[in-house]
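Please read the structure below before turning to the comments.
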Amino acid sequence: MCRDFVPLSSLNGTKVHKGNKQNLPLKICQSCKKPFSWRKKWAKCWDDVKYCSDRCRTNK
Ligand SMILES: [Zn+2]
């Protein structure tokens, strides 16, 4: 699901400042329909993220 071919150089300028969580992008989980926010682990594949958790991703 996550694509790892995104070069690190393309991530420049996307760093999130500490204490500024309200500016994090939000998505609606395709499974539970609840909003969830950007997480660092999704930095390389945010465009592909559709679910808030592995549990939702496997619970179609
Ligand atoms: Zn969910």
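Under UniProt numbering, the sequence shown has 14 at position 14, and the numbering climbs by one with no breaks.
Just so it is clear, CB atoms sit at the ideal spot from N, CA and C, and this is done for glycine as well.
Since the structure is predicted, the reported quantities are computational estimates derived from the model, not experimental observations.
Among all the DSSP beta bridges, which residues are the ones paired with residue i?
i: residue 61; result: Nothing in the structure corresponds to residue 61, since the chain is present only between 1 and 60.
Let's test the definition: count the other Cβ atoms within 10 Å of the Cβ of residue i and tell me whether it reaches 16, buried, or not, exposed.
i: C45; result: exposed
Below 6 Å CB to CB, which residues in the same chain sit around residue i once its five sequence neighbours on both sides are set aside?
i: residue 145; result: The displayed coordinates of the chain run from 1 to 60. Any statement about residue 145 would go beyond what the structure contains.
i: S37; result: L24, L26
i: I28; result: P35
i: C52; result: C29, F36
Can you list, in chain order, the residues of its chain with a C-beta nearer than 7 Å to that of residue i? Leave out the 5 residues immediately preceding and following it.
i: C56; result: C29, S31, C32
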